[in-house]
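Top to bottom, those sequences are chains A and B. Heads up: the first sequence begins at 11 in the numbering used here, then just goes up one per residue. Heads up: the second sequence begins at 61 in the numbering used here, then just goes up one per residue. Worksheet for the structure shown next.
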Amino acid sequence: MEYFFELFLGGLTRGSIYALIALGYTMVYGIIELINFAHGEIYMIGAFTALIVASLLTMAGMDGMAVLALSMVVAIIYAGAYGFTIEKIAYKPLRQAPRLSPLISAIGMSIFLQNYVLLAQTSDFLPFPSLIPEFSFMEPYEHVFSSSELVIVVVTAVSMLVLTYLIKFTKMGKAMRASAQDRTMAMLAGINVNRIISTTFIIGSTLAAVGGVLIASHIGQINFYIGFIAGIKAFTAAVLGGIGSIPGAVLGSLVLGWTESFATGYVSSDYEDVFAFTLLVLILIFRPAGILGKTKTQKV
Amino acid sequence: MKKLMTISVAALALSLAGSALAADTIKLGVAGPHSGDLASYGIPTVRAAELAVADINAAGGVLGKQVELLVEDDVCKPEIATNTASKLVSDGAVVVLGHICSGATKAALGIYNDAKVIVMSPSATNPALTQSGDYPNFYRTIASDDLQAKLGAEFAVNTLGAKKVAVIHDKGDYGKGYAEFAKAFLEKMDNAEVVLFEGVTPGAVDYSAIVQKIKHSGADAVIYGGYHPEASKIVTQMRKKKMDTYFVSDDGVKDDTFIKVAGEYAEGVYASGPMDVSSLELYQKALKEHKDKFGEEPGAFFKEGYAATVALMNAIEKAGSTDYAAVEAKLRSEYVDTPVGSISFDEKGDAIGVGFSMYKVTDGKYVEQK
């Protein structure tokens, strides 16, 4: 039973890691129906920015929470700027183009950013400091569930709640939903659709940066390629939960995290991915829109 | 008179041919990952070849010709390594130093074999490369994995006293090969058992599930087959979960990047690597050349790369030609002094005179265990 509990917590952490990234994917998809493949790279850039800032601050003699807070803020600003710029450069000119063009543009952007960081920084793995301080909260089970894992789970839950509130109950959220339903009509109703889309990208990138800093600090190492693998898994989770849905992204991520954790624990880690993707296939067969996705009726 | 004429014409022809050939060069291909996340395994070999060849050329070259390097990147990927091999063959490489990763080497060897090009790797340790007999053109200046796995298994059980061992690998040619040999050696021993044998997905976001499983299995030592990025993640998570299980690994982990990334968690980790040859004169000379030219310590497989370059050039010189069969014969019969010791090659292509030692991370450095 204790083993089950440990695997459950392991899956919860892993699911929350995916969820932090998946939230950004699903938000952008919800508004402009674009799979932003560069999202994983924003996550990676957030982590790199935080590493640089944290190293500088530590050298300057600061410590503890101040380093975490400051590097998080800088990472968020930097990643937000990247998200905004990427949308302007790679997606906005293709707004009226067929659906496949922005998708290819997104993949191109992802490859560009990876290689840019590879050249500008290094190809080696870099150690990432444990910015999240160790604190006691669950004696004597701390060895099962560490403080950094708790922080990740809590931040994911809070992000989900804030985003849901933002979209359901604010004026901007209303404008977002309107733009998602019918862009032309939203424009006619006086909504600045371009600004709404930019805002969506900035929020998505912010989340990716938060995820980047927390996850890198938990795992302890980064390189230019981390965004790609994490991005693919988070994307899978978003599709599993129903892409476009905020609670769906979190649920899908948790389901994916638990599947992987239990498959490793009770069967074999050799087949971790096999179980994860078999589950994806099964869910998509029975619920093509994902667990919480809404099936849209299309007029022909 | 007529006879004299023939001789002088022949002599003239020979001297002409000689001067025509002198303008020619001996082309040494160098293949391995020179960019990407495994570049730290490939670059030292390129530098080794540059330094060794500079010395050889300064001393008059090989067969009176200068040696020219053809450096090609394979980023450690089998699908790219075949292109790399084709390019080197078509550019006229006589012998090839490389490739670095076992998977990439295996993929490329067929192309070299068809073209009758001798390949010598400083680092590809997959046992099948020499033992299967499928690659007659392959040689290496590093001992194969089964030797390393034997050392790892015996060290964990006899030296560390482990009774239950978890064997983990990264599912790659190199890591899985090492793990399977370690498992086979452990099963032959009476005083230890393998409680877990599993592969992990390289590059996964976290390894907490497998770490829990290792803990649950009650293992008192982990033998890991793979490279340093995954090893540092697994060790870090194990230590963060307050597990003090022994961690024994291979020379993919015996890389300073591992210590840099895992930091304090790297302390006490065991990894096997080629024997310490730091007292050898040729090694010190190669090291000094590297420091003078590049201003830093050489990385992984530098001395093996240097040794392979010297061994290949020596065999060509002794053979008196670049003919495949002649060079092959000299590789197997002649001992040559290199930075890894005096070496020759057996009929399968493994170097005679090289071996492995176990190292332990102590105060941020790998220290050889005697």
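Ideal Cβ placement from N, Cα and C applies to all residues, glycine included.
Continuous beta strand (DSSP E) stretch holding residue i: start and end
i, result
"B/Ile-228", "224-229"
"B/Gly-285", "281-285"
"B/Arg-200", "198-200"
"B/Lys-210", "Note, B/Lys-210: premise wrong, no beta strand (DSSP E); alpha helix (DSSP H) at 205-214."
"B/Val-427", "425-429"
Cβ pair residue i, residue j closer than 8 Å
i, j, result
"B/Tyr-325", "B/Arg-299", "yes"
"B/Glu-388", "B/Ser-404", "no"
"B/Met-180", "B/Leu-157", "yes"
"A/Lys-243", "B/Val-265", "yes"
"B/Gly-401", "B/Leu-340", "yes"
"A/Phe-58", "A/Gln-131", "yes"
"B/Pro-104", "B/Pro-358", "yes"
"A/Glu-270", "A/Arg-24", "yes"
"B/Val-106", "B/Asn-117", "no"
"A/Gly-275", "B/Ala-112", "no"
"A/Ala-85", "A/Gly-56", "yes"
"B/Ile-188", "B/Ile-283", "The amino acid occupying residue 188 of chain B in the given sequence is Ala; Ile does not appear at that position. No, these two residues do not count as a Cβ contact at 8 Å."
"A/Leu-224", "A/Val-165", "yes"
"B/Ala-216", "B/Val-225", "yes"
"A/Tyr-92", "A/Ile-41", "no"
"A/Gly-300", "A/Leu-250", "yes"
"B/Tyr-199", "B/Ile-160", "no"
"A/Thr-68", "A/Ala-248", "no"
"A/Asn-233", "B/Asp-97", "yes"
"B/Ala-291", "B/Ser-277", "no"
"B/Ser-204", "A/Ser-133", "no"
Exposed unless 16 or more other CB atoms sit within 10 angstroms - verdict on residue i
i, result
"B/Leu-74", "Summary for B/Leu-74: the model assigns pLDDT 47, below 50, so the residue's position carries little reliability, and this model does not support an answer."
"A/Ile-9", "Coverage of chain A is limited to positions 11 through 310, which leaves residue 9 of chain A absent and any answer about it impossible."
"A/Gly-50", "buried"
"B/Thr-190", "buried"
"B/Lys-425", "exposed"
"A/Thr-288", "exposed"
"B/Lys-351", "exposed"
"B/Asn-374", "buried"
"A/Phe-296", "exposed"
"A/Ile-229", "buried"
"A/Gly-126", "A small fix is needed here, since residue 126 of chain A is Tyr in this sequence, not Gly. A/Tyr-126 should be labelled exposed."
"B/Ala-119", "exposed"
"A/Phe-211", "buried"
"B/Val-122", "buried"
"B/Ala-82", "Confidence is the limiting factor: at B/Ala-82 the pLDDT is only 44, short of 50, which leaves the residue's position unreliable and the question unanswerable from this model."
"B/Ala-80", "With a pLDDT of 42 at B/Ala-80, under the threshold of 50, the predicted position of this residue should be treated as unreliable, and no value is reported."
Presumed contact (8 Å Cβ cut-off) between residue i and residue j, rounded CB distance
i, j, result
"A/Met-186", "A/Val-260", "Between A/Val-260 and A/Met-186 the Cβ distance is about 18 Å, and since that is not below 8 Å, they are no contact."
"A/Ser-208", "A/Phe-94", "6 Å"
"B/Lys-275", "B/Lys-301", "7 Å"
"A/Gly-254", "A/Tyr-39", "5 Å"
"B/Ala-91", "B/Asp-134", "5 Å"
"A/Ala-116", "A/Ile-45", "7 Å"
"B/Lys-348", "B/Tyr-419", "Not quite, the Cβ-Cβ distance comes to about 23 Å (not below 8 Å), so this is no contact."
"A/Ser-227", "A/Phe-138", "6 Å"
"B/Asp-233", "B/Lys-166", "7 Å"
"A/Ala-240", "A/Leu-266", "Rounded, the Cβ-Cβ distance is 12 Å, inconsistent with contact."
"B/Val-178", "B/Tyr-384", "The question names Val, but residue 178 of chain B is Ile in the sequence shown. Right, their Cβ atoms sit about 7 Å apart."
Identified DSSP bridge partners for residue i
i, result
"B/Ile-178", "B/Val-155"
"B/Gln-126", "B/Thr-85"
"B/Tyr-330", "B/Val-308 and B/Lys-420"
"B/Ser-402", "B/Asp-397"
"B/Glu-253", "B/Lys-224"
"A/Pro-137", "A/Gln-231"
"B/Asp-410", "B/Arg-200"
"B/Glu-258", "B/Ile-228"
"B/Ala-91", "B/Glu-132"
Alpha helix (DSSP H) segment containing residue i, residue limits
i, result
"A/Tyr-53", "49-69"
"A/Met-75", "75-96"
"B/Ala-119", "Careful: B/Ala-119 lies outside any alpha helix (DSSP H) and carries neither H nor E."
"B/Asp-352", "341-354"
"B/Asp-233", "233-248"
"B/Leu-98", "Segment: none, B/Leu-98 is in no alpha helix (DSSP H) and carries neither H nor E."
"A/Leu-44", "Note, A/Leu-44: premise wrong, no alpha helix (DSSP H); not H, not E."
"A/Val-291", "282-296"
"A/Arg-105", "Note, A/Arg-105: premise wrong, no alpha helix (DSSP H); not H, not E."
"A/Glu-159", "157-179"
"A/Gly-241", "236-251"
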